[in-house]
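Okay, so here's the structure we're looking at.
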Amino acid sequence: MSTKALSWQIRRANRSDLSALVQLEEQCFDYSQIGRRSFRYLIDSPSVHFYVCIADNQQLLGYYILLTRKNSVKWRLYSIAITPTNRGTGLGKILFEHALATARQGGAKQFTLEVKTDNSAAINLYRRYHFEVTDLLPDYYGRGTEGYRMCLTLEVQGDLESP
Ligand SMILES: CC(C)(COP(=O)(O)OP(=O)(O)OC[C@H]1O[C@@H](n2cnc3c(N)ncnc32)[C@H](O)[C@@H]1OP(=O)(O)O)[C@@H](O)C(=O)NCCC(=O)NCCS
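Residue numbers for the sequence shown follow our numbering, beginning at 48 and rising by one.
Here is the structure:
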C-alpha cells in the first residue's frame with residue numbers, strides 16, 4: 048500500500064526493528080520515551096500487539112503498541128508515532144485504524160489512551176475516530192504536565208477482515 052509516492056507495509060514488530068524504534072522514539076518524544084529494553088520486552092510479550100509500518104526501502108515509518116490482558120474487553124493504546132518527515136501524509140490515520148481493527152478483532156469493547164493535553168495533532172487524530180476525554184490526569188507526564196485519558200466504546204461487529 049502507499050500514501051503519496053511512498054510504498055509500505057504494516058507488520059508485527061520484531062527484534063530486528065529495535066535500533067530503528069529507539070531512534071524513532073528519540074525523534075518523536077522528549078518525554079516518556081520507551082527505551083531499548085522496554086521495546087524488546089514489548090516485542091517479546093505475547094499479549095502485546097506491536098506493529099510497525101515499514102517502507103519498501105526497509106525504513107521504519109511508524110509504530111503502534113496496544114496492551115490488553117487475556118480475555119479482557121479493555122484495550123489500551125500504549126504508544127503510536129510516525130517519523131517527523133512522514134507526518135501529515137495520512138500514515139497516522141492508517142496506523143490508528145489498523146490499531147482499532149486489531150482491538151476489535153481481539154474482542155475489545157473499550158479502547159483507552161492517554162495523551163498530553165498540548166498534543167493537538169494526536170488529540171485531533173483521536174477525535175476523528177470519536178474518542179472523548181474522560182479524565183484529566185494531573186502530573187501524568189511529570190510534575191505540572193497534564194494528560195487526558197480518552198476513551199471509545201467499540202461496537203460489536205460481524206465479519207471482520209484481518210488487520
Ligand atoms: C500524532 C501522529 C501519530 C499523527 O500522525 P500523522 O501521520 O501526522 O497523521 P495523519 O497525517 O494521518 O493525520 C491524521 C489526523 O491527525 C490530525 N493532525 C495531524 N497532524 C496535525 C497537526 N500538525 N495539527 C493538528 N492536527 C493534526 C488531523 O486531525 C489529521 O486528520 P486530517 O488530516 O484529516 O485533518 C504524529 O503527529 C506523531 O507521531 N506525533 C509524535 C508522537 C505522538 O505524539 N504520538 C501520540 C502520543 S499520545
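For glycine and all other residues, C-beta sits at the position ideal for the given N, C-alpha and C.
Near residue i, what residues of its chain come up, given a Cβ to Cβ distance below 8 Å and the 5 sequence neighbours on each side ignored?
i      : result
PRO185 : GLU193
GLN157 : VAL120, LYS121, TRP122, CYS198, LEU199, THR200 and LEU201
GLN74  : THR130 and PRO131
Name the one or two DSSP bridge partners that residue i has.
i      : result
THR200 : GLN157
TYR195 : VAL162 and LEU183
GLN56  : ILE101
So the alpha helix (DSSP H) residue i belongs to, where does it begin and stop?
i      : result
TYR173 : 167–175
Output needed for residue i: all residues of its chain with C-beta closer than 6 Å, excluding positions within five of it in sequence on either side, in chain order.
i      : result
GLU72  : GLN80 and ILE81
TYR173 : MET197
ASP182 : ARG196
VAL180 : TYR195 and MET197
LYS163 : TYR188 and GLY194
Please report the residue range of the beta strand (DSSP E) in which residue i lies.
i      : result
ALA150 : Here ALA150 belongs to no beta strand (DSSP E); instead the alpha helix (DSSP H) covers 138–152.
ARG123 : 121–129
Could you pull out every residue in the same chain whose Cβ sits closer than 7 Å to the Cβ of residue i, ignoring the five residues on either side in sequence?
i      : result
GLY154 : VAL120
LEU65  : ARG83, PHE86 and ARG87
LEU138 : THR50, CYS100, LEU108, GLY109 and ILE129
What ranges does the beta strand (DSSP E) occupy inside the segment 72–118, keeping only unbroken runs of at least 3 residues that lie completely in it? 96–102 and 107–115
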